[in-house]
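Reviewing the structure listed below.
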Amino acid sequence: MKISFNHKVLKLDTPQIMGILNVTPDSFSDGGKWDHVDKALEHATLMVKQGATIIDIGGESTRPGAKAVPLEEELKRVIPAVEAISKNLDVMISIDTSQPIVMQEAVKAGAHIWNDIRALRLEGALEMAASLQVPVILMHMQGDPKTMQVNPHYTDVVKEVKEFLLQRVEDALKAGIKKENIILDLGFGFGKSPKHNYQLLDHMQEFVDLGYPVLSALSRKSMIGAATQIEEPNQRVVGSVAGALLSIERGAQLVRVHDVEETRQAFDVYKAMLESRKD
Ligand code: PT1
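Per my numbering, residue 282 is the first one in the sequence shown, and the count goes up by one each step.
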């Protein structure tokens, strides 16, 4: 399995780390520290050195309760960062956006992957993804970011998330998006209680078995806080690394994390164990 776009190829036979680069002033755990282009490039450079093979650039905060960002503002935040990183680093760039126009401009500036928490449900998104022929991450969410954590409800969370994702895959294929350009994401923290999130984590292998690469994104989230009783997102590193490791053991090919160095060390141990099985 692999992800490829514009001469860049990422093999998925070992777990890959996507480093989070927030260019929002109100980001939930980095507090907008990296909101300028030089700072963004500096942070991306560090994450690549630490083992990230994808940098995920986001100009809209989508954590529970966050407000929408106007299109012009999102473009102003994201595009200069994409230009700087694509010019200076050998890394894949994903864009955390739901806006077709932002993705179109980002691809012109050198981006490789469309990471959409709304799974291409905004108007014109499916068509834009098909026309750009860009790999897409389709994520599950119940409700919308403003209200999703008010009262999340499922009869069978694993079944319902799977049905949603398979429906989005069907719609994507129908729109002309290629099968090899589809990546799935269970959407930890998006309209889910801690128990829902942990049931999904436990059953991640079933999603991997659908035949599409799976991205696990639980870094510093409230599900980690719920298990560890740690309130401060930036103190949730150890729990987050544990969650990333449980994900790859259940077959996930990609993890989206704040703490690249710590996650890579954990994956190095996992890979050493796998290596020891060979003769
Ligand atoms: C995600 C994701 C994302 N999450 C993808 N992109 C966020 N593909 C941004 C909490 O519970 O899961 N997959 N882009 C950030 N969103 C959240 C959601 C942050 C919940 C925090 C929480 O604390």
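No residue lacks a Cβ here, since even glycine has one placed at the ideal position from N, Cα and C.
All figures in this text were calculated on a predicted structure; none of them were measured in a lab.
Element boundaries [alpha helix (DSSP H), containing residue i]
i: threonine 544; result: 541-556
i: serine 367; result: 352-369
i: valine 383; result: 381-389
i: serine 285; result: Note, serine 285: premise wrong, no alpha helix (DSSP H); beta strand (DSSP E) at 283-286.
i: isoleucine 505; result: 503-509
Unbroken beta strand (DSSP E) run spanning residue i, endpoints
i: threonine 334; result: 333-339
i: methionine 373; result: 373-377
i: aspartate 560; result: Run containing aspartate 560: none; DSSP gives neither H nor E here.
i: leucine 419; result: 417-420
Heavy atom of the ligand PLP within 7 Å of residue i beta-carbon
i: lysine 427; result: Looking for the ligand PLP in the displayed structure turns up nothing; the ligands present are the ligand PT1.
For residue i, the three-state DSSP class (helix, strand or coil)
i: valine 519; result: helix
i: asparagine 462; result: helix
i: lysine 224; result: Any property of residue 224 remains undetermined from this structure, which presents the chain solely from 282 to 560.
i: methionine 485; result: helix
i: serine 497; result: strand
i: asparagine 478; result: helix
i: glutamine 297; result: strand
i: arginine 537; result: strand
i: lysine 289; result: strand
i: aspartate 397; result: strand
i: leucine 407; result: helix
i: leucine 322; result: helix
i: leucine 527; result: helix
i: leucine 302; result: strand
i: methionine 328; result: helix
i: lysine 348; result: coil
i: leucine 454; result: helix
i: glutamine 448; result: helix
i: proline 426; result: coil
i: serine 342; result: coil
i: leucine 491; result: coil
i: leucine 467; result: coil
i: proline 433; result: coil
Nearest candidate by alpha-carbon position, reference residue i, set the options
i: alanine 553; options: Thr334, Thr295, Asn287; result: Thr295
i: glycine 532; options: Lys502, Leu481, Arg517, Ala508; result: Leu481
i: glutamine 486; options: Val522, Ile505, Lys443; result: Lys443
i: lysine 389; options: Ala333, Ala498, Ala365; result: Ala365
i: leucine 491; options: Arg558, Glu451, Leu356; result: Glu451
i: proline 361; options: Lys476, Val383, Val538, Val329; result: Val383
i: lysine 292; options: Val538, Arg501, Pro494, Ala498; result: Pro494
i: alanine 411; options: Ile463, Pro514, Ile458, Ile335; result: Ile458
i: leucine 496; options: Lys289, Gln297, Met282; result: Gln297
i: isoleucine 398; options: Ala321, Lys460, Pro426; result: Pro426
i: methionine 282; options: Leu535, Arg558, Gly520, Asp540; result: Leu535
i: threonine 428; options: Gly472, Val439, Gln385; result: Gly472
i: asparagine 303; options: Glu461, Arg358, Phe286; result: Arg358
i: alanine 498; options: Val538, Pro514, Met422; result: Val538
i: leucine 419; options: Asp437, Gln448, Val431; result: Gln448
i: glycine 424; options: Gln385, Ala321, Phe445; result: Phe445
i: serine 285; options: Leu356, Asn478, Ile335, Glu530; result: Ile335
i: lysine 330; options: Ala406, Thr544, His477; result: Thr544
i: glycine 430; options: Leu407, Lys460, Pro475; result: Glycine is not the amino acid found at residue 430; the sequence shown has glutamine there. Of the candidates Leu407, Lys460, Pro475, the one whose C-alpha sits nearest the C-alpha of glutamine 430 is Pro475.
- Task: May I ask you to verify whether the segment 393-401 touches the segment 409-422, counting CB pairs closer than 8 Å and requiring at least 3?
- Result: With a cut-off of 8 Å, the segment 409-422 and the segment 393-401 count as touching, because enough Cβ pairs lie within range.
- Message: Does the structure place the segment 546-553 close enough to the segment 521-531 that three or more beta carbon pairs sit under 8 Å?
- Response: Between the segment 521-531 and the segment 546-553, the count of C-beta pairs closer than 8 Å reaches three or more; the two stretches touch.
- Message: Pairs of beta-carbons, one from the segment 332-346 and one from the segment 371-379, closer than 8 Å: are there three or more?
- Response: A contact exists between the segment 332-346 and the segment 371-379.
- Does the count of Cβ pairs from the segment 500-520 and the segment 458-467 closer than 8 Å reach three? Taking 8 Å as the limit for Cβ pairs, the verdict is that the segment 458-467 does not touch the segment 500-520.
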